[in-house]
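Going from the sequence shown to this note's numbering is simple: count from 1 and add 1368.
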Amino acid sequence: MHNSSIDDAFKERVYTLIGSIPVGKVAAYGQLAKLAGAANQSRAVGRLLKNLPAQSSLPWFRVINSQGKISFPVSSEKYMQQRQLLESEGVMFINDKVNLKKYQWLEDS
């Protein structure tokens, strides 16, 4: 029984990767999908994050989109929460964007 093609092994790899993103760094959904062995599954990564248990200690907020933007609507509570958490770790925003060259984890992997 597959949850829209997300298997448990992929899920575990994604969670492990998210847990590995260091303080002050970000990763893109597609980057995590690729590192987890399913390059075309960035949406699946997004779904996994959306369904994280509330008590999860994973740094979900370090995952942003490939344009360096937070995926929540700019004025939403979740957006503000994610931005605040990132800024508290030293990640800077310019025009609501993060400079991926500067802050992306494993830039050349």
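No residue lacks a Cβ here, since even glycine has one placed at the ideal position from N, Cα and C.
In this text, all values refer to a predicted model and were calculated from it rather than measured experimentally.
Do residue i and residue j have their CB atoms nearer than 8 Å?
| i | j | result |
| --- | --- | --- |
| Y1383 | L1426 | yes |
| W1428 | I1386 | yes |
| A1401 | S1410 | yes |
Which stretch, first to last residue, makes up the alpha helix (DSSP H) that contains residue i?
| i | result |
| --- | --- |
| Q1452 | 1445–1456 |
| Q1399 | 1397–1403 |
| D1354 | Residue coverage of the chain in this structure runs from 1369 to 1477, which leaves residue 1354 outside it and unanswerable. |
| G1436 | Segment: none, G1436 is in no alpha helix (DSSP H) and carries neither H nor E. |
| V1413 | 1410–1418 |
Could you tell me how far apart the beta carbons of residue i and residue j are, in whole angstroms, since I believe they sit closer than 8 Å?
| i | j | result |
| --- | --- | --- |
| Q1472 | K1393 | 7 Å |
| Q1435 | K1470 | Going by Cβ atoms, the distance from Q1435 to K1470 rounds to 15 Å, so no, they are not a contact pair. |
On the DSSP bridge assignment, give the partners of residue i in chain order.
| i | result |
| --- | --- |
| K1465 | I1462 |
| Q1472 | V1394 |
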